[in-house]
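Student:
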Amino acid sequence: MRPAKSSTRSWCAAAIVAVTTLSGGLVAAQSAPDGENGRYSMTPIPEGVLRLDTRTGTVSTCTRNGTGWACYAVPDERSAFDAEIGRLQAEVEKLKGQLAAGPTVSGKIDEALPKSDSLKKGEPKVAEGDRKIEIPLPSDQDLDRAMSFLEKAWRRLIDMANRVQKDVSGRI
577 MRPAKSSTRS WCAAAIVAVT TLSGGLVAAQ SAPDGENGRY SMTPIPEGVL RLDTRTGTVS
637 TCTRNGTGWA CYAVPDERSA FDAEIGRLQA EVEKLKGQLA AGPTVSGKID EALPKSDSLK
697 KGEPKVAEGD RKIEIPLPSD QDLDRAMSFL EKAWRRLIDM ANRVQKDVSG RI
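If you're matching positions, the sequence shown starts at 577 in our numbering and goes up one per residue.
#1: At what residues does the beta strand (DSSP E) containing Ala729 begin and finish?
#2: Ile661 by DSSP, collapsed to three states: which one?
#3: Buried or exposed: which applies to Ser599, given that a residue is buried once 16 or more other Cβ atoms fall within 10 Å of its Cβ?
#4: What three-state label does DSSP hand Gly614 in the structure shown?
#5: Is Val668 helix, strand or coil by DSSP?
#6: What's the gap between the Cα of Phe725 and the Cα of Leu733?
#7: For Leu628, which three-state DSSP category applies?
#8: Quick check on Arg707: does DSSP put it in helix, strand or coil?
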């Protein structure tokens with residue numbers, strides 16, 4: 577029976593060592609320096625290095641110039657989206673305030689309006705007794721305007737044909 581007790585003691589000792597090691601590792605991970613596997617994650621790119629701040633999430637490009645390394649923040653689309661969302665929310669609140677302060681609509685009815693098809697065309701006008709469709713005829717003024725337009729178009733077409741004929745005959 578004695579060997580059973582020693583294996584139980586060694587198992588308990590191994591468990592205590594494992595817990596101590598794990599908790600020590602967690603403390604070491606929390607207090608890691610900012611340079612190595614800590615705050616920043618570096619990725620090489622053709623222009624230099626891409627730096628990710630693991631605490632804030634900002635991304636910067638770091639390039640080497642004549643005096644040393646310089647890092648510039650990469651424009652973040654998320655911040656632009658957040659700014660636009662904020663602007664739109666403020667505009668919505670402003671419009672809600674205007675609606676609340678505006679005049680109320682009077683004359684509302686509780687009954688539903690009769691349904692009608694807005695795309696359905698009305699019935700054609702029918703002369704009484706004849707059952708014929710009436711079509712309004714254009715006035716004399718409308719006919720004069722149409723004739724004037726056609727005359728001008730015809731004259732321009734003839735003038736254009738004459739110019740083309742002169743150009744062609746002059747080249748030959």
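Yeah, the Cβ is synthetic: ideal placement off N, Cα and C, and Gly gets one too.
Tutor: The short version:
#1: First-last for Ala729: 716–747, but that is the alpha helix (DSSP H), not the beta strand (DSSP E).
#2: helix
#3: Legend: pLDDT at Ser599 = 46, less than 50; position of this residue unreliable, value from coordinates given subsequently. Burial call: exposed.
#4: In this structure, Gly614 counts as coil in the three-state DSSP scheme.
#5: helix
#6: 12 Å
#7: strand
#8: coil
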